[in-house]
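Numbering (the working numbering), first residue to last: 202 to 496.
1. Enumerate in chain order the residues of its own chain whose CB-to-CB distance from residue 351 is below 7 Å, with the five nearest sequence positions on each side excluded.
2. For residue 329, which residues in the same chain have their Cβ closer than 7 Å to its Cβ, ignoring the five residues on either side in sequence?
3. Give me, in chain order, the residues of the same chain whose beta-carbon lies closer than 8 Å to that of residue 382; leave out the 5 immediate sequence neighbours on both sides.
4. Below 7 Å CB to CB, which residues in the same chain sit around residue 437 once its five sequence neighbours on both sides are set aside?
5. Would you check if the region 353-362 and the region 417-425 touch, i.e. whether three or more CB-CB distances between them fall below 8 Å?
6. Determine the direct distance from the alpha carbon of residue 397 to that of residue 304, and round the result to whole angstroms.
7. Taking 6 Å as the limit between beta carbons, can you name the residues of its chain near residue 270, skipping five residues before and five after?
8. So, residue 339 versus residue 393, is the Cβ gap smaller than 8 Å?
9. Report the partner residues of residue 317 according to the DSSP bridge assignment.
10. Compare the C-alpha of residue 391 against each of 309, 320 and 248 and name the closest.
11. Who does residue 249 pair with in a DSSP beta bridge?
12. Would you mind sorting residue 288 into buried or exposed? The rule is 16 or more other CB atoms within 10 Å of its CB.
13. If residue 268 and residue 325 are in contact, beta carbons under 8 Å, what's the gap, nearest whole angstrom?
14. Just how far apart, CA to CA, sit residue 426 and residue 443?
15. What is the rounded straight-line gap between the Cα of residue 274 and the Cα of residue 310?
16. Which ranges does the beta strand (DSSP E) cover as unbroken runs of at least 3 residues, wholly within the region 341-401, from first to last along the chain?
17. Just how far apart, CA to CA, sit residue 332 and residue 388?
18. Nearest by alpha-carbon distance to residue 293: which of 366, 410, 344 and 434 is it?
19. Rounded to a whole number of angstroms, what is the C-alpha to C-alpha distance between residue 323 and residue 337?
20. Tell me whether residue 248 is buried or exposed, calling it buried when 16 or more other Cβ atoms sit within 10 Å of its Cβ.
21. If you follow the alpha helix (DSSP H) that residue 298 is part of, which residue opens it and which one closes it?
22. Quick check on this structure: which residue in 276, 251 and 295 has the alpha carbon closest to the alpha carbon of residue 399?
23. Would residue 415 be called buried (16 or more neighbouring beta carbons within 10 Å of its own) or exposed?
24. Tell whether a beta-carbon distance below 8 Å holds between residue 255 and residue 285.
25. Run the CB neighbour count on residue 250, radius 10 Å, all protein chains shown included, and call it buried at 16 or more, exposed below.
26. Cβ atoms of residue 368 and residue 395: under 8 Å apart, would you say?
27. To the nearest angstrom, how far is it from the Cα of residue 447 to the Cα of residue 361?
28. Would you report the Cα separation of residue 380 and residue 363, rounded to the nearest angstrom?
29. Residues in the same chain with beta-carbon distance under 6 Å from residue 341, minus the five sequence neighbours each way, listed in chain order, please.
30. Considering just the uninterrupted stretch of the alpha helix (DSSP H) at residue 331, what are its terminal residues?
31. In angstroms, rounded to a whole number, what distance separates the CA positions of residue 461 and residue 434?
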């Protein structure tokens, strides 16, 4: 715009000089229009509008000036303004950009992470010196630092903690460290979302094998527990039977056995009314005639 202003002013002066000695008014009008256009172009070259939710960094002959907030600003025509958006930006590390990490056991996992960050307006000059542009802030600062921190955090945890038991704790650790790393550079990290952690095929095979081994161990332990309980039940049953036999042995006498023998054969005599049976102690027990027809 400044170059256009200079060109228009030079053209206006040339037209004025050419038409000065002539009677036609068109030359003077052309010179006036050119001069007016040059002045307006120069004025616009000295104005710069910073849009809402942006901050501008002015640079004049290599010297960085004070950040420009949203609105209209006067500047030198030799000043270039680099704008940075202050809106939150999502850095999506997923799909082909997912982060490959290793656990403390050496297992490979793939982490999908979303990092929401924004430029701190008052630190725009520092970001310009570090990166040079808005796109470079993410490519040179946010992305490499976030990947490094994600890998370092996962390396302090086991594979099982990484994909299952400690995901929330790992996400909190990543968020804390990313904020601490980027805050001094003028980048405000609002949230870190660890969306998904997926083990590699090799690690998944190891996990499945471990689960099968654990299930087999649980079945073996349960079988051993059942066998032990059954053995204990049989032992208790045998001890009960032995105690009952001892009690029965102490309570039985020859007379008791003799009476029980008579009762047993009396019941049998109901089918065969009269027969002789030996009842008594010793090998030659006293013969007894049992008549089922009589009481």
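Beta carbons are placed, not taken as given, at the ideal position from N, Cα and C, and that holds for glycine.
No experiment lies behind these values; they were computed from the predicted model shown.
If we stick to the structure as given:
1. Position 150 of the chain shown holds residue 351. Excluding positions up to five away in sequence, the list reads 300, 302, 312, 314 and 375.
2. Position 128 of the chain shown, counted from the first residue, corresponds to residue 329. 258, 265 and 283, listed in sequence order.
3. Your numbering for residue 382 matches position 181 in the chain shown. Result list for residue 382: 346 and 350, in chain order.
4. In the chain shown, residue 437 corresponds to position 236, counting from 1. Same-chain partners within the cutoff: there are none.
5. no
6. Against the chain shown, residue 304 aligns to sequence position 103. Against the chain shown, residue 397 aligns to sequence position 196. So the two alpha carbons sit approximately 15 Å from each other.
7. Taking the chain shown and counting its residues from 1, the one referred to as residue 270 is at position 69. Here the set comprises nothing.
8. Here residue 339 corresponds to residue number 138 of the chain shown, with the count starting at 1. Here residue 393 corresponds to residue number 192 of the chain shown, with the count starting at 1. Contact flag unset, no.
9. Along the chain shown, read from residue 1 onward, the residue named residue 317 stands at position 116. 291 and 392, per the DSSP bridge assignment.
10. For the purposes of this step, residue 391 is identified with residue 190 of the chain shown, where counting begins at 1. Cα-wise, what sits closest to residue 391 is 320.
11. In the chain shown, residue 249 corresponds to position 48, counting from 1. Its beta-bridge partners are 274.
12. Along the chain shown, read from residue 1 onward, the residue named residue 288 stands at position 87. So residue 288 counts as exposed.
13. Taking the first residue of the chain shown as position 1, residue 268 is located at position 67. Taking the first residue of the chain shown as position 1, residue 325 is located at position 124. Confirmed, about 5 Å.
14. Reading the chain shown from its first residue, position 225 is the one you call residue 426. Reading the chain shown from its first residue, position 242 is the one you call residue 443. Looking at the two C-alpha atoms, the distance is approximately 26 Å.
15. Against the chain shown, residue 274 aligns to sequence position 73. Against the chain shown, residue 310 aligns to sequence position 109. Spanning the two alpha carbons is a distance of roughly 51 Å.
16. 388-400
17. Your numbering for residue 332 matches position 131 in the chain shown. Your numbering for residue 388 matches position 187 in the chain shown. Rounded to whole angstroms, residue 332 to residue 388 spans 12 Å at the Cα level.
18. Against the chain shown, residue 293 aligns to sequence position 92. The shortest Cα separation from residue 293 among 366, 410, 344 and 434 belongs to 344.
19. Here residue 323 refers to the residue found at position 122 when the chain shown is read from its first residue. Here residue 337 refers to the residue found at position 136 when the chain shown is read from its first residue. Approximately 18 Å between the Cα atoms of the pair.
20. For the purposes of this step, residue 248 is taken as residue 47 along the chain shown, with counting starting at 1. Exposed is the call here.
21. The sequence position of residue 298 within the chain shown is 97, counting from 1. Segment: none, residue 298 is in no alpha helix (DSSP H) and carries neither H nor E.
22. Start at 1 with the first residue of the chain shown, and residue 399 comes out as number 198. For residue 399, the nearest C-alpha among the options comes from 295.
23. Residue numbering aside, residue 415 sits at position 214 when the chain shown is read from its first letter. Answer is exposed; the Cβ neighbour count stays below 16.
24. Locating residue 255 in the chain shown gives position 54, counting from the first residue. Locating residue 285 in the chain shown gives position 84, counting from the first residue. The answer is yes: Cβ separation under 8 Å.
25. Locating residue 250 in the chain shown gives position 49, counting from the first residue. Only exposed fits residue 250, as fewer than 16 other CB atoms lie within 10 angstroms of its CB.
26. Position 194 of the chain shown holds residue 395. Position 167 of the chain shown holds residue 368. The answer is yes: Cβ separation under 8 Å.
27. As a working mapping, residue 447 is identified with position 246 in the chain shown. As a working mapping, residue 361 is identified with position 160 in the chain shown. So the two alpha carbons sit approximately 60 Å from each other.
28. In the chain shown, counting from the first residue as 1, residue 380 sits at position 179. In the chain shown, counting from the first residue as 1, residue 363 sits at position 162. Roughly 21 Å between the two C-alpha positions.
29. Working through the chain shown from its first residue, we reach residue 341 at position 140. Contacts found: 332.
30. Mapped onto the chain shown, residue 331 falls at position 130. Residue 331 -> alpha helix (DSSP H) spans 325-331.
31. Position 260 of the chain shown, counted from the start, is the residue given in the question as residue 461. Position 233 of the chain shown, counted from the start, is the residue given in the question as residue 434. The C-alpha of residue 434 is placed about 33 Å away from the C-alpha of residue 461.
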